[in-house]
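Down below is the structure, laid out as structure tokens.
Numbering (the UniProt record's numbering), first residue to last: 1 to 281.
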């Protein structure tokens, strides 16, 4: 069985390829990226693969039986990009696609969920077996703000006491590899989130505990949070996505206690304390 991983030069893709090599013979793994030269250290077959280039996609999928399709980071055009890949997979005779969607993607009101929902609909009509991995937010995305927060004297957000069950890239990358290697998961839809539920106040408290420095959580209105993110240098559109995630989290859209991720991994998910420690190192 030949398994290809798209966007393999990215952080999630590299993790998935590395784990996949422990589950199947490395000769069965194909890493796909716009620049195959960036994949040389992975020790597997590398092919050029650009979601925006339909002319090269079919060749990239030649002989591939399972495709791990990592969602595009291009928020402006990713539905069309995903459609390009799915149509190429169908033309190339790919037997199954494993797609990285978003938590509760069929009904989530998050701004970024609509693209994933559209992609899931395209997959449903493509006539190809699918495995949908609905990944929650990366824990690292939250923890990455902690050093700056310590410098500013407060962690800011607009989530109130919203519950979060984020997961690390390492855990989600390993899950992608497992799902790609296991044909029995064809047809499965998995909501993947961390075992540990925390609030932003909890996150701040953990950073305070580890750093020994005072770090309160300061809850802002959506408008105040948007302004603060833009003032910090984020593009307004991306800032709006982050604000929206906090606002929707208040209604539980970033929380999930199903433990589906830890069951798939066969171990507990990475503790938030470990993520905080890495961010503060």
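Glycine included, C-beta positions come from ideal geometry on N, C-alpha and C.
Item, Value
"For residue 227, which option in 241, 92, 135, 180 has the closest C-alpha, if you only look at C-alpha atoms?", "241"
"According to DSSP, residue 164 sits in a beta bridge with which residue or residues?", "198"
"Please check the pair residue 218 and residue 162, which I expect to be a contact at CB under 8 Å, by giving their CB distance rounded to whole angstroms.", "That pair is no contact at about 15 Å."
"Could you tell me the boundaries of the beta strand (DSSP E) in which residue 247 lies?", "Not the beta strand (DSSP E): residue 247 falls in the alpha helix (DSSP H), residues 236-249."
"Assuming contact is defined by CB atoms lying nearer than 8 Å, are residue 254 and residue 103 in contact in what I supplied?", "yes"
"Can you say whether residue 9 is buried or exposed, counting buried as having 16 or more other CB atoms within 10 angstroms of its CB?", "buried"
"Going by DSSP, what residues sit across from residue 217 in a beta bridge?", "155"
"Considering Cα atoms alone, identify which of 143, 137, 60, 69 is closest to residue 120.", "69"
"Could you tell me whether the stretch 128-139 touches the stretch 148-159, where touching means 3 or more Cβ pairs closer than 8 Å?", "no"
"Pick from 231, 205, 165: whose alpha carbon is nearest that of residue 268?", "165"
"Go ahead and label residue 84 buried or exposed: buried means 16 or more other beta carbons lie within 10 angstroms of its beta carbon, across all protein chains shown.", "buried"
"Let me make sure I understand the geometry here. Which of 257, 39, 71 has the alpha-carbon closest to that of residue 113?", "71"
"What is the rounded straight-line gap between the Cα of residue 222 and the Cα of residue 264?", "36 Å"
"Taking the alpha helix (DSSP H) that residue 191 falls in, what are its first and last residues?", "Run containing residue 191: none in the alpha helix (DSSP H); it sits in the beta strand (DSSP E), 189-192."
"For the pair the stretch 175-185 and the stretch 12-23, tell me if three or more CB-CB distances fall below 8 Å.", "yes"
"Of all the beta strand (DSSP E) runs that stay within the bounds of the stretch 2-36, which reach a length of 3 or more residues?", "3-5, 29-33"
"Is residue 140 near residue 169, with beta carbons less than 8 Å apart?", "yes"
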